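Visitor: Pasting a structure below so you can have a look.
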Ligand code: ADE
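In the working numbering, the protein residues as written are 71 to 486.
Here it is, written out as structure tokens:
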């Protein structure tokens, strides 16, 4: 078995973490129980490129227990939990990931993962899928792939539009039980967790500037308010900006927000959101963090080129002393703050995201390559199955429609 990890001796710590996550992921656990007898993934080769966390460990165990042969790499140079990687290797999984890899090593790990010649790819951010297409991946035996995150789905839809997509993709991110929970509650809580672990600042009373008012931005804004912050939203979309205003936030262009913010959190999925002209206007002590998939939202080049001194003040916080004298702090090198400085989304939300991954991968396997290359939305029935299972795991019952109500809702004759 091939693998590349930082330190195999961390395995026992990692195992405890995966075991802990498993207890908090009942939907995925019950799906495993339901399907296990038939070993539906027997003989299927799965290559994954997802953050190597304790929750991903539970997904990997699930796929393995259902019969899959697996290889896995990280989808971010700074997000791998090395103890989890070690535990998975000890359990016989080929893992190619460690925290703090160079860009070159990152892509070497993806290529090592591709060498399995997978039937299914499971991706987060589309780096594996793009490499499968552009760097000699064996596409011919791929039934399809799944994509976990907004940024990845945007990239893959662009590939589809340009006629470059060669195998079908299930847009797991676009399932309601994924983006309405993971992106909102998962990132909302874990991004603030990362910021607090890295800095221990009091959020109460701070001006927190959140860039982007999509699912992630809404989650971060809501949690910051919960901590007592004054939240300012920046947006480029008029509808999202209007929603933010009516949800009670101030809305400003970044050039104005830059002058009042104490803490800045980017959540847009776009590049160059915080640029030189913004950094130069910021108050002394401003803190910058990114919660979007790639490290392109905050211009690190502008921070560097305008600084006379750069100092690492703890594992995850860098101080930039600007030429004009004030200091600006960057958390986690501008990479996903929730995974770099904390542990990513809590297990309870990853439960639903990864139940979507499992069911989507199984659909691709059942299709045996018969789907044409396109990006597919997740069936509403899958979403409802997962939501019901989650409610059940929380001991929550809901009402059902009576026959009369059903008729009313599907008819048109009853009016005033
Ligand atoms: N993305 C965000 N949080 C995550 C987690 N805990 N595990 C895997 N992927 C994630």
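The beta carbon of each residue, even a glycine, is placed where N, CA and C say it ideally should be. Keep in mind the model is a prediction, meaning the values are calculated, not measured.
1. Between residue 95 and the ligand ADE, is the CB less than 7 Å from at least one heavy atom?
2. Does the beta-carbon distance from residue 427 to residue 129 come in below 8 Å?
3. Given the structure, does residue 420 come close to the ligand ADE, in the sense that its CB is under 7 Å from one of the ligand's heavy atoms?
4. Measuring only from the beta carbon, is residue 221 closer than 7 Å to any heavy atom that is part of the ligand ADE?
5. Measuring CB to CB, does residue 334 end up less than 8 Å from residue 356?
6. Could you work out which residue in 224, 378, 451 and 441 is closest to residue 212 when comparing CA atoms only?
7. Helix, strand or coil: how does DSSP classify residue 255 here?
8. Output the distance between the C-alpha atoms of residue 373 and residue 164, rounded to the nearest integer angstrom.
9. Quick one: using the 10 Å Cβ neighbour count with 16 as the cut-off for buried, is residue 413 buried or exposed?
10. Could you say if the segment 384-399 and the segment 344-363 meet the contact criterion of at least three C-beta pairs nearer than 8 Å?
11. Out of curiosity, what's the CA-to-CA distance linking residue 468 and residue 171?
12. Would you grab the beta carbon distance between residue 299 and residue 274 for me? Rounded to a whole angstrom, and I think it's under 8 Å.
13. To the nearest angstrom, report how far apart residue 422 and residue 75 are at their CA atoms.
14. From this set, 136, 245, 266 and 303, which residue's C-alpha is nearest residue 99's C-alpha?
15. DSSP three-state call for residue 378: helix, strand or coil?
16. Which stretch, first to last residue, makes up the alpha helix (DSSP H) that contains residue 412?
17. With distance defined between alpha-carbon atoms, name the residue in 294, 315 and 295 nearest to residue 304.
18. Under a Cβ-count criterion, where at least 16 other Cβ atoms within 10 Å of its own Cβ denotes burial, should residue 240 be classed as buried or exposed?
19. Roughly how many angstroms separate the alpha carbons of residue 198 and residue 248, rounded to a whole number?
20. Please report how far the alpha carbon of residue 97 lies from the alpha carbon of residue 425, in whole angstroms.
21. According to DSSP, is residue 398 helix, strand or coil?
22. Using alpha carbons as the reference points, say which of 282, 301 and 176 lies closest to residue 307.
23. Give me the Cα-Cα distance between residue 207 and residue 201, rounded to the nearest whole angstrom.
24. So is residue 178 in contact with chain B if we call contact Cβ pairs under 8 Å?
25. Would you kindly check if the distance between the Cβ of residue 379 and the Cβ of residue 368 is under 8 Å?
26. Is the beta carbon of residue 134 less than 8 Å from the beta carbon of residue 150?
27. Mapping the DSSP letters down to three states, classify residue 79 as helix, strand or coil.
28. With distances taken Cα to Cα, identify the nearest neighbour of residue 180 among 186, 143 and 194.
29. Rounded to whole angstroms, what's the CA-CA distance from residue 114 to residue 407? Just pull it up for me.
30. What first and last residue would you give for the alpha helix (DSSP H) that runs through residue 218?
31. Identify the continuous alpha helix (DSSP H) that holds residue 356 and give its terminal residues.
32. By DSSP, does residue 113 sit in helix, in strand, or in coil?
33. For residue 143, which residues does DSSP report across the bridge?
34. Looking only at C-alpha atoms, which of 173, 330 and 166 sits nearest to residue 184?
35. Can you tell me which of 215, 262 and 475 puts its alpha carbon nearest to the alpha carbon of residue 361?
Guide: Considering the structure as presented:
1. Start at 1 with the first residue of the chain shown, and residue 95 comes out as number 25. It does not: the Cβ of residue 95 is nowhere closer than 7 Å to a heavy atom of the ligand ADE.
2. Walking along the chain shown from the start, residue 427 turns up at place 357. Walking along the chain shown from the start, residue 129 turns up at place 59. It is a contact, given that the beta carbons lie within the stated cut-off.
3. Residue 420 sits at position 350 when you count from the first residue of the chain shown. Under cutoff, so the answer is yes.
4. The residue given as residue 221 occupies position 151 in the chain shown. Outside the cutoff, so no.
5. Here residue 334 is taken as the residue at index 264 of the chain shown, counted from 1. Here residue 356 is taken as the residue at index 286 of the chain shown, counted from 1. In this structure, the beta-carbon distance from residue 334 to residue 356 falls below 8 Å.
6. Reading the chain shown from its first residue, position 142 is the one you call residue 212. Ranked by Cα distance from residue 212, the first of 224, 378, 451 and 441 is 441.
7. On the chain shown, residue 255 is found 185 positions in, with the first residue counted as 1. If DSSP states are grouped into helix, strand and coil, residue 255 belongs with the helices.
8. Taking the first residue of the chain shown as 1, we reach residue 373 at position 303. Taking the first residue of the chain shown as 1, we reach residue 164 at position 94. One C-alpha to the other measures close to 38 Å.
9. Taking the chain shown and counting its residues from 1, one reaches residue 413 at position 343. With 16 or more other Cβ atoms within 10 Å, it is buried.
10. Because the criterion of three Cβ pairs below 8 Å is met, the segment 384-399 and the segment 344-363 touch.
11. Translated into the one-based positions of the chain shown, residue 468 becomes position 398. Translated into the one-based positions of the chain shown, residue 171 becomes position 101. Distance between residue 468 and residue 171, taken at the CA atoms: about 47 Å.
12. Here residue 299 is taken as the residue at index 229 of the chain shown, counted from 1. Here residue 274 is taken as the residue at index 204 of the chain shown, counted from 1. About 7 Å separates the beta carbon of residue 299 from that of residue 274, a gap short enough to meet the 8 Å contact definition.
13. Position 352 of the chain shown, counting from 1, holds the residue named residue 422. Position 5 of the chain shown, counting from 1, holds the residue named residue 75. Their backbone Cα atoms lie some 28 Å apart in a straight line.
14. The count along the chain shown starts at 1 and reaches residue 99 at position 29. Distances from the alpha-carbon of residue 99 to those of 136, 245, 266 and 303 put 136 closest.
15. Against the chain shown, residue 378 aligns to sequence position 308. Secondary structure of residue 378 (DSSP, three-state): strand.
16. As a first step, residue 412 must be located in the chain shown, where it is residue number 342. Taken as a continuous stretch (DSSP letters only), residue 412 belongs to no alpha helix (DSSP H), as it is neither H nor E.
17. Along the chain shown, read from residue 1 onward, the residue named residue 304 stands at position 234. Closest in C-alpha terms to residue 304, from the list 294, 315 and 295, comes 315.
18. Here residue 240 corresponds to residue number 170 of the chain shown, with the count starting at 1. Around the beta-carbon of residue 240, 16 or more other beta-carbon atoms lie within 10 Å, marking it buried.
19. On the chain shown, residue 198 is found 128 positions in, with the first residue counted as 1. On the chain shown, residue 248 is found 178 positions in, with the first residue counted as 1. Taking the straight line joining both Cα atoms gives about 20 Å.
20. In the chain shown, the residue the question calls residue 97 occupies position 27. In the chain shown, the residue the question calls residue 425 occupies position 355. Taking the straight line joining both Cα atoms gives about 7 Å.
21. Locating residue 398 in the chain shown gives position 328, where the first residue counts as 1. Three-state result, residue 398: strand.
22. Indexing the chain shown from 1 puts residue 307 at position 237. Nearest option by C-alpha distance: 282.
23. On the chain shown, position 137 is the one that residue 207 refers to. On the chain shown, position 131 is the one that residue 201 refers to. Those two C-alpha atoms are separated by around 7 Å.
24. The question asks about chain B, but that chain is absent: this structure has only one protein chain.
25. For the purposes of this step, residue 368 is taken as the residue at position 298 of the chain shown. For the purposes of this step, residue 379 is taken as the residue at position 309 of the chain shown. With respect to residue 379, residue 368 sits apart: the two C-beta atoms are not nearer than 8 Å.
26. Against the chain shown, residue 134 aligns to sequence position 64. Against the chain shown, residue 150 aligns to sequence position 80. In this structure, residue 150 does not lie closer than 8 Å to residue 134 by Cβ.
27. Along the chain shown, read from residue 1 onward, the residue named residue 79 stands at position 9. Residue 79 falls in the helix class under three-state DSSP.
28. The residue you call residue 180 lines up with position 110 of the chain shown. If we check each option's Cα against that of residue 180, 143 comes out closest.
29. By 1-based counting over the chain shown, the position of residue 114 is 44. By 1-based counting over the chain shown, the position of residue 407 is 337. Straight across, the Cα-Cα distance linking residue 114 with residue 407 is about 34 Å.
30. Mapped onto the chain shown, residue 218 falls at position 148. That residue, residue 218, is in no alpha helix (DSSP H); it is neither H nor E in DSSP.
31. The count along the chain shown starts at 1 and reaches residue 356 at position 286. In the DSSP assignment, residue 356 falls outside any alpha helix (DSSP H) and within the unbroken beta strand (DSSP E) covering 356-360.
32. Taking the first residue of the chain shown as position 1, residue 113 is located at position 43. Here residue 113 carries a coil assignment [DSSP, helix/strand/coil].
33. Within the chain shown, residue 143 is the residue found at index 73, counting from 1. The partner list for residue 143 (beta bridge, DSSP) reads 119 and 166.
34. Indexing the chain shown from 1 puts residue 184 at position 114. Answer by Cα proximity: 166.
35. As a working note, residue 361 is residue 291 in the chain shown. Ranking the options by Cα distance to residue 361, first place goes to 262.
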